[in-house]
Each structure stands twice: as structure tokens, then as C-alpha cells.
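Below is one structure, written out as C-alpha cells; comments come after it.
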Amino acid sequence: MRLGDVYIDGTGLYLPPLLKPLDDAVAEGLYDAERHAGTQLESVAVSLDVYPPDMAVAAGKEALAASSHDAADIGVAVHAHMGAQGIGGWHSASYVHRFVVGNACPAYEIEGMSNGGLAALTLGSSYLRSSEKDRAALVTTADRFENIPFGRFYFDDVFILGDGAAACVLSKDHGFARLESIFTYTDTTLEELHRGDHPFMGEQTMIVEGTSYKQRKEEYFRNGHTPEETTQRFGIGSASAVLGALADAEVELGDVDRWILPNMGRYELETYYLPALDVPIERTCWSFGSTVGHLGAGDQIACLHQLRTTGALHPGQRCALVGIGSGFSWSCAVLEVVEG
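Numbering-wise (this note's numbering), the sequence shown opens with residue 930 and increments by one.
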């Protein structure tokens, strides 16, 4: 989807005070030393008492304050998450809307798993472009992974789940970055990879109960699928999203100055992402992502906030945000920085 008429006008981030060092987690028997050697993650963000909706409110207020808009300008609020929000059968997007926006605009909740942040960015941008009167949109993400099966350190092989929230304000009028394109590629034949042999249950609790991704992957491969075939399809999905977004933005791979990738372990990045993109890890957000962990739906917006607030973005630069979500979907958004 070619854009060019939507800007990112402010960002916000909430991280809990505790960044637990992975060396300590290994010493305490919480994390395997061999796995730590592969991921090379430094620490993970852990919330002891703040739940996702309140995290999202904090991030959303910061994003709004950093923008050129006030709450009355927001025409739609979109909240994305991967995990449970604190109360079942309740609409967390309405809570975020109430305490950040407070007007009568729509509030939508998206369960796009790890690709939820870019899905929300897509929906928010599309909504603005289709509306003649609305000038801005709020996008928030928030996750907390305290009570998932096998714990945050063993839920998956390639990342450690971190707690936190991120937000951005989209604008038709002004912003530090112009959103040039967003492209999503979907391959739902891979949904079984995160389902395995797990039965459907009457109580829908997302990922807070049941089996880990690691176990479901093992079941998936026992059911006749091969790692080679799966890796190939993942490569097709990622490449399709990136190349589609670049084509829509009418830019080349080498034109991208900064790559915001999912907050995964170093082995995963250096095996599947960096060689395909032909970029060094220094042009990614590894130095930040390796300290907070995989923030559910929020990796991309959180890393963009970190780049913006540390002065790492300069006018004329292009930045690509890449996401992958269970199901499976891959997204890429291309931004042009217009203000330092």
C-alpha cells in the first residue's frame, strides 16, 4: 500500500523499572546457559505490578504530548496486543481510549500477535486516508507476560518475552517521519506451527494457558513438516513483505538507512535477517532490543521511539520496520525521516 500522505507525529514508550540481566537469570536457573550463548540477549523488561492497559495509557499520553495534536484531533484509536490484558471478556482498547483520548471516536482492539503493531499502523493509516474530517490517529501496543506456560524464558526458542508498551500518533498534517508504504504478506498454511496438537478449548485465554510455542513447534514437525520447508516459506514471507513495501515506496534495498527488526536473539537475526538484507547489525536496533526482550506487539514502535529520542534519525534517512506474527503474517513499513 503506497502512502506518502500520512506522518508519524509523536511516539511514546513505557518500560517497567526492572530490566532483569540475563546473566542473573542463568545464575538463578531461570534461563539455559547454552541458549543464552546463542541469543546473546543482555536483559529483559519485567513488570511486577503494572498491567498492559496502564502501560499503554502511559505510552499513549507521551506520544500525544510529543505530537502537534491534542486529544480532540484523534479520529480513531487502535490498540494491539499479543497476550492477555488483565481481565477476560473486557475491551482494553476502550480503557486506553478513555484515559488518553476521551472523545467519541472509535476504539479498536487488534490481536495481530507479534505483528500487531504494524497491523495497527496499517489500520490507523487506512482509516485516516478514508476520512475527510479526521486529522490524526492513536496507535498503542502493550503486553505483560508474567503467567504464560513455562515462563517468559522458555516460551520460545528464538526470543524472550519482555513487558512494555509503545505508542505513536499518526497525522495527515505533520510529523517527524513520512509513512511512505506498508505491505503485508500472509501465509496461513503455517498457522499449525503455533497450534501443534493443542486442542481447541471452551475458555479462550490466548497464550496464558496451554502449551508453549516450543512444544507446539515440536508437534508441528512430528506431523510431517520439515524445518527446511518451513524455513523456505518464512524466507518467502519476509522477502515478499520487504520487497513489496520497497516497491510501493519506489525505493531500493540499499536506500534504507536503518532497519527495525523484531527483538529476537542474535543467532536468529544473523541467520535469517541480516544476510538477506545485506546489512550489519549496527544498522538495526539490536543494542536496544537486546536489553528489553520481545515486547509482544510493540517491538517496531518501541524501537522507532528509541531512535527518535536518542537523536539517531536524521532528515533524508529512510527507515524500514519489519514485523512477523503468528498465523503467519509478515509486514514492512517504509518511513522517510523529514525532521531530526
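Positions of the beta carbon are idealized from the N, C-alpha and C atoms, including for glycine. Please read all numbers here as calculations on a predicted model, not as lab measurements.
For the beta strand (DSSP E) that contains residue i, what are its first and last residues?
i	result
K949	947-950
V975	972-975
R1247	1247-1254
R1187	1187-1189
R889	With the chain covering 930 to 1269 only, the question about residue 889 has no answer from this structure.
Among the options, whose alpha-carbon lies nearest the alpha-carbon of residue i?
i	options	result
R1145	T1160, E1120, R931	E1120
E1040	G1091, M1011, A1033	M1011
R1247	A1241, I1253, V1263, S1258	V1263
A1226	A1009, A985, A1170, G939	A1009
P982	F1150, K1101, E1038	E1038
L1108	F1082, C1261, A954	C1261
S996	L1250, G1256, T1238	T1238
C1097	S1258, I1003, E957	I1003
S1216	K1143, L942, Q969	Q969
G1245	F1257, I1253, E1265	E1265
E1268	P1128, H1243, V1007	H1243
S1054	T1220, R1187, V1171, D938	D938
E957	T1117, F1082, T1113	F1082
A1249	E1199, S1219, A1168	A1168
V955	S972, L942, T940	S972
V935	L1050, I1253, H1127	L1050
V1171	V1025, G1125, F1150, S1110	S1110
G1183	S1023, P1209, Y1201	P1209
R1151	P1035, S1141, A1178, D1126	D1126
M984	F1079, A1013, Y943	Y943
Which residue comes first and which comes last in the alpha helix (DSSP H) that contains residue i?
i	result
V1276	Limits of the chain in this structure are 930 at one end and 1269 at the other, which puts residue 1276 out of reach.
E1177	It is worth fixing the name first, because residue 1177 is Asp in this sequence and not Glu. Where D1177 is concerned, the enclosing alpha helix (DSSP H) stretches over 1156-1178.
E1147	1142-1151
V1221	1215-1221
G967	962-968
D1228	1228-1238
L1203	1203-1206
What does DSSP give as the partner residues of residue i in its beta bridges?
i	result
W1259	Y1114, I1253
I1003	A1065
L1108	V935, L1264
H1020	Per DSSP, none; premise fails for H1020.
A1289	No answer is possible for residue 1289: it lies beyond the span of the chain, which begins at 930 and ends at 1269.
Is it the case that the CB of residue i approaches a heavy atom of the ligand FMN more closely than 6 Å?
i	result
I1165	The model on display carries no ligand, and the ligand FMN is accordingly not part of it.
Can you find at least 3 beta carbon pairs, one from the region 944-955 and one from the region 1055-1063, that sit closer than 8 Å? Taking 8 Å as the limit for Cβ pairs, the verdict is that the region 1055-1063 does not touch the region 944-955.
Tell me, please, whether the region 1071-1085 touches the region 972-984 by the rule of three or more beta-carbon pairs shorter than 8 Å. The answer is yes - the region 972-984 touches the region 1071-1085, with three or more Cβ pairs under 8 Å.
Unbroken stretches of the beta strand (DSSP E), 3 residues or longer, contained in the region 1035-1102: 1036-1039, 1065-1072, 1093-1100, all fully within the region 1035-1102.
Are three or more beta carbon pairs between the region 1031-1040 and the region 1085-1096 nearer than 8 Å? No, the region 1031-1040 is not in contact with the region 1085-1096.
Can you find at least 3 beta carbon pairs, one from the region 1041-1049 and one from the region 1220-1236, that sit closer than 8 Å? Taking 8 Å as the limit for Cβ pairs, the verdict is that the region 1220-1236 does touch the region 1041-1049.
Sufficient close CB pairs (3 or more, under 8 Å) joining the region 1181-1197 to the region 1152-1159: Inter-segment contact for the region 1181-1197 and the region 1152-1159 is absent: fewer than three beta-carbon pairs are separated by less than 8 Å.
Contact between the region 1158-1168 and the region 1200-1217 (3+ Cβ pairs under 8 Å): Verdict: yes, contact present.
Evaluate the contact criterion for the region 956-964 versus the region 983-990: three or more CB pairs, one atom per stretch, below 8 Å. The region 956-964 is not in contact with the region 983-990.
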